[in-house]
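Worksheet for the structure shown next.
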Amino acid sequence: MKWSFEKLQSYQKAPFEEQGELDLKSDLTTRYPDEILDATPFTVNVSAMADHGDVIVDADVQGTVTVPSSRSLTPFKLPLQFHFTEVYVNTKAALNRYENDVVVIKVDDDGEVDFSKAVADNVIIQIPMHLLSPDEQAGAAMPTGDDWEVISDADYKHQHEESNQVDPRLANLKQFYADDDDKA
Numbered sequence: 001m002k003w004s005f006e007k008l009q010s011y012q013k014a015p016f017e018e019q020g021e022l023d024l025k026s027d028l029t030t031r032y033p034d035e036i037l038d039a040t041p042f043t044v045n046v047s048a049m050a051d052h053g054d055v056i057v058d059a060d061v062q063g064t065v066t067v068p069s070s071r072s073l074t075p076f077k078l079p080l081q082f083h084f085t086e087v088y089v090n091t092k093a094a095l096n097r098y099e100n101d102v103v104v105i106k107v108d109d110d111g112e113v114d115f116s117k118a119v120a121d122n123v124i125i126q127i128p129m130h131l132l133s134p135d136e137q138a139g140a141a142m143p144t145g146d147d148w149e150v151i152s153d154a155d156y157k158h159q160h161e162e163s164n165q166v167d168p169r170l171a172n173l174k175q176f177y178a179d180d181d182d183k184a
């Protein structure tokens with residue numbers, strides 16, 4: 001979906017609205033091959049309105065991406081449903097009119113708002129950094145290999161506590177240096 005910035009600026013009293021499906025699979029898997037393995041078409045509901053020469057775009061997006069688990073790299077489907085708002089401006093000076101928490105994008109020289117790219121950018125933002133497949137969330141066994149295994153934080157802490165215990169036969173050595181300090 002691409003729109004002319006000038007056309008969107010004409011919607012001052014009533015918003016421009018569009019609904020549709022975006023097939024972003026090729027774009028997402030090319031731009032983010034390690035993070036997104038597959039994607040269904042995304043359903044979008046878009047509303048755009050001009051405000052003081054700028055264009056405010058609100059969008060609701062729904063779709064599914066296939067991502068690898070961050071623990072085992074096992075692919076699984078992650079449903080996404082989110083809303084985002086972006087402001088499009090046509091000059092660099094207009095960028096300064098907005099607070100830092102507002103997403104403001106300067107329109108390219110061709111004067112087009114590339115909504116498909118905006119959706120793809122927001123899809124990658126919606127994917128959490130730490131992903132576990134449904135099986136892993138349910139407590140499935142951790143991955144293992146030849147002479148290695150993934151362990152949980154709790155297991156690691158337990159092993160670390162056990163390794164800090166001193167062999168009782170060597171416990172008397174602690175007193176060795178304490179006696180020397182007393183004599184000095």
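Under this note's numbering, the first residue of the sequence shown is numbered 1, with each subsequent residue one higher.
C-beta atoms are modelled at their ideal positions from N, C-alpha and C, and glycine is treated no differently.
Whole-angstrom distance between residue j and residue i, CA atom to CA atom
i	j	result
ILE36	LEU22	16 Å
SER69	MET129	10 Å
PHE84	SER72	31 Å
ILE151	LEU131	16 Å
ASP54	ASP146	59 Å
THR30	PRO168	59 Å
PRO143	LEU170	37 Å
LYS117	LYS157	44 Å
Presumed contact (8 Å Cβ cut-off) between residue i and residue j, rounded CB distance
i	j	result
PHE42	VAL61	5 Å
GLU86	VAL103	5 Å
GLN126	LEU80	5 Å
SER10	ALA59	Not quite, the Cβ-Cβ distance comes to about 19 Å (not below 8 Å), so this is no contact.
ASN90	PHE16	Actually they are not in contact, since the Cβ atoms of ASN90 and PHE16 sit about 16 Å apart, beyond 8 Å.
Proximity winner among the options, relative to residue i (alpha-carbon distances)
i	options	result
PHE115	SER47, ASN90, PRO15, PRO33	SER47
VAL44	GLY63, ASP38, SER10	GLY63
ASP121	PHE16, GLY20, LEU24	LEU24
VAL123	ALA39, GLN9, GLN12	ALA39
ALA141	LYS2, LYS13, THR74	THR74
VAL67	TYR32, VAL89, GLN159	TYR32
LYS2	GLN159, TYR88, ALA154	TYR88
Min CB distance residue i to chain D below 8 Å
i	result
GLN126	No chain D is part of this structure, which consists of one protein chain only.
Sheet register partners of residue i (DSSP bridge)
i	result
ILE56	MET49, VAL87
ASP110	DSSP lists no partner for ASP110.
SER4	GLU112
ALA39	VAL65
ALA77	One point to set straight first is that residue 77 is Lys, not Ala, in the sequence displayed. Partner(s): THR66.
Exercise for the section: Say whether the segment 97–104 touches the segment 132–141, bearing in mind that this needs 3 or more beta-carbon pairs closer than 8 Å, one atom from each stretch. Expected result: no
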